[in-house]
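Asker: Quick one: this structure, given as structure tokens, is what I'll be asking you about.
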Amino acid sequence: MRRLWTFFLAAVLSLVAVPMSGSDVDSLRINVELRDNGSAIVTETWHIDVSDDITEWYLVADNMGQMTIEDLAVSDETLGDYLNEGEWDVDRSRALKAGRCGLVTKSNGYEICWGVGSSGRHTYTVRYLLTGLVKGHEDMDGFNHMFVARNLGSSPKSIILTVRKPGMEFSTENTKVWAFGFRGEIHVENGIVVARTTEPFIKESAMIVMVGFEKGMFHPDLVEKRTFDQVRKKALKGSDYSSSGEYGFWEWASVIFFAFIVILVFLALIAAIKDKINKIKRKKELLGGRIKDVPWYRDTPVNGDLRKASNILTEFEGLKSTQRQNLIAAYITRLFLKGGFEIVPQPDGSKPQMLVKDLPDTAAQDDDTKLESELHSFIKEAAGDDRILQKNELRRWSRYNGRTLYAWSNRIENGATVWTMKPEEVRQVFGLRKFLKDFTLIKDRGVVEVKLWNDYLVFASLYGIADQVIKDFRKVCPEYFRLSSSAEFFADSATNIMIWDMINMTSRDFNVAASTYEASLNSSSSSGGGGSSSWGGGGGFSGGGSGGGGR
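Counting in my numbering, the sequence shown runs from 712 upward without gaps.
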């Protein structure tokens, strides 16, 4: 019954996630870097469209107990580093608060405050030391902390929170995770804890994260007499993770649900229309008009960052699954051009074989190329010791590595929205697509520059038009395949078919494995193995509270 009410209440309330007025929070990124003594360096990045009616932004941190907030530092893209004034004076003008930050000390916690400066879009980076976050218990060490408070003046559209400890790998064996108060998910992936929203925050949302660590991973300064299991049971009461507990909240929720259903639906319609209109306007601003009117772009978009380009395409056109498959295809195409694979002819004239080769150690330099390098390592591992990729090896490997593929696929999304994208980057991505589609119609294509044309082939894969572009290249610029030794495999019809069979097989098998693993996560979420967050529960948390935002 509780799960049913969770679904209905959250579904209706989420429809009014868009604030009707005031400042808008496009996204929030929180990084929690843990220290051995249980303290944490917390870095919050707020992307805010500041309205004219506020002078400062503040964050609520109540229920602190013996925990403290120290060494506050704030900066933005225009004023740089702010002056930390210590104790904050709320009653001042916007001009007097600009470029300054501080704390309001209360009996049970703090308010973290900074001046917003000018109206319009800003990116504020807030950094502070949070002492005593991880507490010692006799069975496990850990925390149950509210990182984003309820009743924020402006609700973030997207939140991603990461928890890490330098030099230590978290795993599902040594780290247990739960999340409460929002619609989203929490996982242990790539050695860190990641909690993210899957729906925009609403006024009633909060982000409460509970993590338990195996003994010996930390040596906390704060030690509690109660066990972590007692902390866990209190937090799970009333949650989707638990089959028992107090039902008072749900009785209240049912009354509120039916009493305000008409009002909520009305507000939802207004909010949805406003959000739709604002997004359409923003997309036109980024494009400089309509997609079909974007001018040709002949260079490499976004400095060759396939991940960024893929997120732009997904944000504008949806089709997330298709775009993910196209991104995998683009990575593999680029790996071919880098020499990561080789088609090996057979002496007896039988079908050529695909050899997986080593990449240079310097190949992975940023998030985009790291994803590409990891994809290559997956394929190399699937091929086995002989490095020859045989039929069904990818499918067999992916079937047993769904968790790895799911974690990898989650990192494709960079959290970008139409509100954080740059016009020049959006126009580059759609401008090159238009250029490649019109390739045979263009008289002045310029000199064949091998690196640039290799990039054309890679981005054609990202756009899902590689087959047509290769045909166009053969027709109007056959010399490209002679000049580019790494592209010669694409010139031959037989090897080209083999390559694209491998690309399609990889993207399909990897997507199926990741999706299957995702479906299995919910069954393990209550035991701390990660999965979907719970709308209810989270009792006994530290930090957070109610309030915050612009004032």
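Backbone N, C-alpha and C fix where the C-beta goes; we use that ideal spot for every residue, glycine too.
This one's a predicted model, so the numbers in the text were calculated from it and none came from an experiment.
Which residues share a DSSP beta bridge with residue 1167?
Answerer: According to DSSP, residue 1167 bridges with nothing at all.
Asker: Sort out for me which residues DSSP pairs residue 742 with in a bridge.
Answerer: For residue 742, which the question treats as bridged, DSSP gives the partners 754, 873.
Asker: Residue 929 to residue 921, Cα distance in whole Å?
Answerer: If you take the alpha carbons of residue 929 and residue 921, they lie about 16 Å apart.
Asker: Kindly indicate which three-state DSSP category residue 1260 falls into: helix, strand or coil?
Answerer: In this structure, residue 1260 counts as strand in the three-state DSSP scheme.
Asker: Use the C-beta contact count for residue 794: other C-beta atoms within 10 angstroms, 16 or more gives buried, fewer gives exposed.
Answerer: Exposed is the call here.
Asker: Comparing alpha-carbon positions, which option in 788, 1210, 874 lies nearest residue 845?
Answerer: Ranking the options by Cα distance to residue 845, first place goes to 874.
Asker: Check each candidate in 946, 902, 891 and name the one with the smallest Cα separation from residue 883.
Answerer: Ranking 946, 902, 891 by Cα distance to residue 883 puts 902 first.
Asker: Taking the beta strand (DSSP E) that residue 1016 belongs to, which residues open and close that run?
Answerer: Taken as a continuous stretch (DSSP letters only), residue 1016 belongs to no beta strand (DSSP E), as it is neither H nor E.
Asker: Output the distance between the C-alpha atoms of residue 681 and residue 1084, rounded to the nearest integer angstrom.
Answerer: No answer is possible for residue 681: the residues shown for the chain start at 712 and end at 1262.
Asker: The alpha helix (DSSP H) that contains residue 1141, what's its start and end?
Answerer: From DSSP, the alpha helix (DSSP H) with residue 1141 extends over 1134 to 1148.
Asker: Under 7 Å Cβ to Cβ from residue 765, same chain only, skipping five residues before and after it: list those, please.
Answerer: Around residue 765: 734, 827, 1261, 1262.
Asker: CB-CB under 7 Å to residue 1070, same chain, minus the five flanking residues each way: which ones, in chain order?
Answerer: Closer than 7 Å at Cβ, skipping near neighbours: 1049, 1051, 1084, 1087.
Asker: Would you call the stretch 829 to 841 and the stretch 750 to 760 touching, i.e. three or more CB-CB distances under 8 Å?
Answerer: Yes, since at least three Cβ pairs between the stretch 829 to 841 and the stretch 750 to 760 fall closer than 8 Å, the two stretches touch.
Asker: With a CB to CB cut of under 7 Å and the five nearest residues on each side skipped, what residues in its chain are close to residue 849?
Answerer: Cβ within range, chain order: 938.
Asker: Excluding the 5 residues flanking residue 954 on each side, which residues of the same chain have their C-beta closer than 6 Å to its C-beta?
Answerer: Low local confidence applies: a pLDDT of 45 at residue 954 is under 50, so the model's placement there is unreliable, with the coordinate-based value given in what follows. Result list for residue 954: empty, nothing under 6 Å.
Asker: How far does the alpha helix (DSSP H) with residue 1117 in it extend, from its first residue to its last?
Answerer: From DSSP, the alpha helix (DSSP H) with residue 1117 extends over 1113 to 1121.
Asker: What is the C-beta distance between residue 899 and residue 886, in whole angstroms, given that I count them as a contact (C-beta under 8 Å)?
Answerer: That belief holds up - the Cβ atoms of residue 899 and residue 886 are roughly 5 Å apart, short of 8 Å.
Asker: Which residue's Cα is closest to the Cα of residue 778: 919, 1023, 754, 818?
Answerer: The option with the nearest alpha carbon to residue 778 is 818.
Asker: Tell me whether residue 999 sits in a helix, a strand or coil according to DSSP, three-state version.
Answerer: Coil.
Asker: On the DSSP bridge list, what partners appear for residue 1192?
Answerer: According to DSSP, which records beta bridges pairwise, residue 1192 is partnered with nothing at all.
Asker: Between the C-alpha atoms of residue 1034 and residue 1170, what's the straight-line distance to the nearest angstrom?
Answerer: Roughly 12 Å between the two C-alpha positions.
Asker: What are the boundary residues of the alpha helix (DSSP H) that residue 1038 is part of?
Answerer: From DSSP, the alpha helix (DSSP H) with residue 1038 extends over 1031 to 1049.
Asker: So, using beta-carbon positions, are residue 1129 and residue 936 closer together than 8 Å?
Answerer: No. Outside cutoff.
Asker: Looking at the unbroken alpha helix (DSSP H) that takes in residue 1080, where does it start and where does it end?
Answerer: Residues 1078 to 1094.
Asker: Using a threshold of 8 Å, state whether the C-beta atoms of residue 1245 and residue 951 are closer than that.
Answerer: Contact flag set, yes.
Asker: In or out: residue 1028 buried (at least 16 other Cβ within 10 Å) or exposed?
Answerer: Exposed, since its Cβ has fewer than 16 Cβ neighbours within 10 Å.
Asker: So, do the stretch 1051 to 1069 and the stretch 1160 to 1179 have three or more beta carbon pairs nearer to each other than 8 Å?
Answerer: Touching, no.
Asker: Hey, out of 842, 812, 791, 790, whose CA is closest to residue 747's CA?
Answerer: Of the listed residues, the one whose Cα sits closest to residue 747 is 842.
Asker: Check whether the stretch 1135 to 1149 and the stretch 1035 to 1046 are in contact - that is, three or more C-beta pairs closer than 8 Å.
Answerer: Judged by Cβ distances under 8 Å, the stretch 1135 to 1149 makes no contact with the stretch 1035 to 1046, as fewer than three pairs qualify.
Asker: Drop a sphere of 10 angstroms on the beta-carbon of residue 1023, count the other beta-carbons inside from all chains shown, and report buried for 16 or more, exposed for fewer.
Answerer: Under this definition residue 1023 is a buried residue.
Asker: What is the residue span of the alpha helix (DSSP H) that residue 1185 lies within?
Answerer: Taken as a continuous stretch (DSSP letters only), the alpha helix (DSSP H) holding residue 1185 covers 1177 to 1187.
Asker: Could you tell me which residues DSSP puts in a beta bridge with residue 890?
Answerer: Looking at the DSSP assignment, residue 890 forms a beta bridge with 920.
Asker: Could you spell out where the beta strand (DSSP E) holding residue 784 opens and where it closes?
Answerer: Taken as a continuous stretch (DSSP letters only), the beta strand (DSSP E) holding residue 784 covers 779 to 787.
Asker: Just list the residues that DSSP pairs residue 1274 with in beta bridges.
Answerer: Outside the displayed span of the chain (712 to 1262) sits residue 1274, for which this structure offers no information.
Asker: In the structure shown, what three-state DSSP assignment does residue 1226 receive?
Answerer: Residue 1226 falls in the helix class under three-state DSSP.
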